[in-house]
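Visitor:
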Amino acid sequence: MLMRTDPFRELDRLAQQLMGPGTWSRPSAMPMDAYREGDEYVVAFDLPGVAADAIDIDVERNMLTVKAERRPVAKADDVQMELSERPLGAFSRQIVLADTLDTEHIRADYDAGVLTLRIPIAERAKPRKISIGVGSGHKEISG
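Residue numbers (our numbering): 172 to 314.
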C-alpha cells in the first residue's frame, strides 16, 4: 500500500474525480511550453502515457489544434487498484498561430511522452536588408 503525505494532493485528486475524465466534447487541458529557437517556433506538449496513434494534430488557417486520448491500461481480473492519480480521457489544446509562421512545414516529433512541434518562421517575416537605389535624376545633398 502507498502512503501519501501531501494533504493538498488528496484535494486535487478529489476535484479531478468530481470533474471526471476529459471527453471529446469537454476535454481536459494539457500542459505546454512555447518558445522561439533560431528560425523556428517550438511548442512542446506533455502527454505521458499517450500512444502516438492517439494524438491528432490539425491546422486550419492559423488555428493549431492538438487532441490526444490517454486510454486505460488493460488489467487482469485479480488486480485491485489502490491509488489512481493519472488522469485518463481526452485532452485538447488550441493555439492561434501568427501569420508570420509557415504552417505548411510544421514538423512533429513524439518522444518520451513529449510531443514537440517545430514551426518555421515564414521567409517574409525574417529581417532583411533593403538596398537603396540612386537614380540619375536624384541629387546628393551634403551639409
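Virtual Cβ for every residue (Gly too), placed ideally from N, Cα, C. All figures in this text were calculated on a predicted structure; none of them were measured in a lab.
How many Å lie between valine 237 and valine 244 at the Cα?
Guide: Taking the straight line from one Cα to the other gives about 22 Å.
Visitor: For glycine 278, count the other beta carbons within 10 Å of its own beta carbon; 16 or more makes it buried, fewer makes it exposed. Which is it?
Guide: A small fix is needed here, since residue 278 is arginine in this sequence, not glycine. By the neighbour-count rule (16 or more Cβ atoms within 10 Å), arginine 278 is not buried but exposed.
Visitor: What span of residues does the beta strand (DSSP E) with valine 213 cover, start to end?
Guide: Note, valine 213: beta strand (DSSP E), 211-217.
Visitor: For aspartate 249, name the three-state secondary structure that DSSP assigns.
Guide: Coil at aspartate 249, not helix or strand.
Visitor: My output table needs one value for threonine 271: the three-state DSSP class, helix, strand or coil.
Guide: Coil, per DSSP.
Visitor: Does DSSP put alanine 225 in a helix, a strand or coil?
Guide: Three-state result, alanine 225: helix.
Visitor: Considering only the alpha carbon of each residue, which of Gly209, Asp224, Glu231 lies closest to alanine 239?
Guide: The shortest C-alpha separation from alanine 239 is found at Asp224.
Visitor: Could you check if valine 221 is buried or exposed, using at least 16 other CB atoms within 10 Å of its CB as the buried criterion?
Guide: Classification of valine 221: buried, given that the 10 Å Cβ count is 16 or more.
Visitor: In the DSSP assignment, the beta strand (DSSP E) including methionine 203 goes from what residue to what residue?
Guide: Where methionine 203 is concerned, the enclosing beta strand (DSSP E) stretches over 203-208.
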